[in-house]
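Q: In UniProt numbering, the protein residues as written are 1 to 274.
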DNA sequence: CATGAATTTCCTGATT
DNA sequence: GAATCAGGAAATTCAT
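1) Have a look at 184, 221, 101 and flag the residue whose alpha-carbon is nearest the alpha-carbon of residue 235.
2) Closest to residue 69 by C-alpha separation, out of 82, 48, 94, 86, would be which residue?
3) Please confirm whether residue 197 and residue 53 have their CB atoms less than 8 Å apart.
4) What residue from 48, 227, 224, 188 has the CA that sits closest to residue 210's CA?
5) Got a sec? Which residues, its chain only, sit under 6 Å from residue 251 by beta carbon, not counting five neighbours each side?
6) Leaving out the 5 sequence neighbours to the left and right, which residues in its chain are closer than 8 Å to residue 208 when beta-carbon positions are compared?
7) Please name the residue or residues paired with residue 211 in a DSSP beta bridge.
8) Just the C-alpha distance for residue 98 and residue 268, rounded to the nearest angstrom, thanks.
9) Exposed or buried, what is residue 91 when buried is set at 16 or more other beta-carbons lying within 10 Å of its beta-carbon?
10) Counting C-beta neighbours from all protein chains within 10 Å, is the total for residue 185 16 or more, i.e. buried, or is it exposed?
11) Buried or exposed, going by whether 16 or more other CB atoms sit within 10 Å of the CB of residue 242?
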């Protein structure tokens, strides 16, 4: 009889990690306490995008300026990321390397079974401001930096002998983000999260960096949430956007309403960064 | 306390 | 008329 080889089934199972299987009913909420990273899949299965998301998230949480880490060095998928050594991380990210290594290591573990971080007490601030039926919100306010334990700094796990960081340069981790990320980075991050972006903003021209707001007020609300400012509106958000023209973080796109374009000073939005 | 960057707030006027 | 776009001006918030 014709029996389908089990290997085929296995293949199908393991490859179907599409967007429709993860948080269809909000159950994912139950495990976000173990790890602030809402990714359904273990790090090994991350796409390049997800790797970058993770990067930004870590930087965010630790209030480290995103520009202090060359994202190009992490142009890889989760599989490759997970195979990097401690030294690789230092090579790729300098003094932030240990932090990243710590984070990814934890994620690899928490992917196996929910780890108990002890005092991680995230309050359910998912107070559903939601124009979004199924997805709560993208990722913007998934957690509060203050609720995340200072991992790398306190972890004894990585007291590896060759931390030549200490003598080569007591360079402090550069952190000069005002209050989390900047508006344009916030926008960029929504754009780079197609799976979790419930039609808030859409690329008009991916390679040119042209995008359009689909739900301007919803984005403004999210931004307000991020800044703890419940009175944020698109009117005000757009004023801030217009200030970016002068700084060439955004380029002008006229004629088309709600359309903007990243400028030469906006980084991290390209598929293959140069 | 002073200062600067990055918004935030408000507003008038022009366009779509 | 509603929603946006344009900027100027001033206020605010936060970090150094």
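Using N, Cα and C, we set each Cβ at its ideal position, and we do this for glycine too.
A: Let's see:
1) 221
2) 94
3) no
4) 188
5) 261, 263
6) 261
7) 203, 260
8) 22 Å
9) exposed
10) buried
11) exposed
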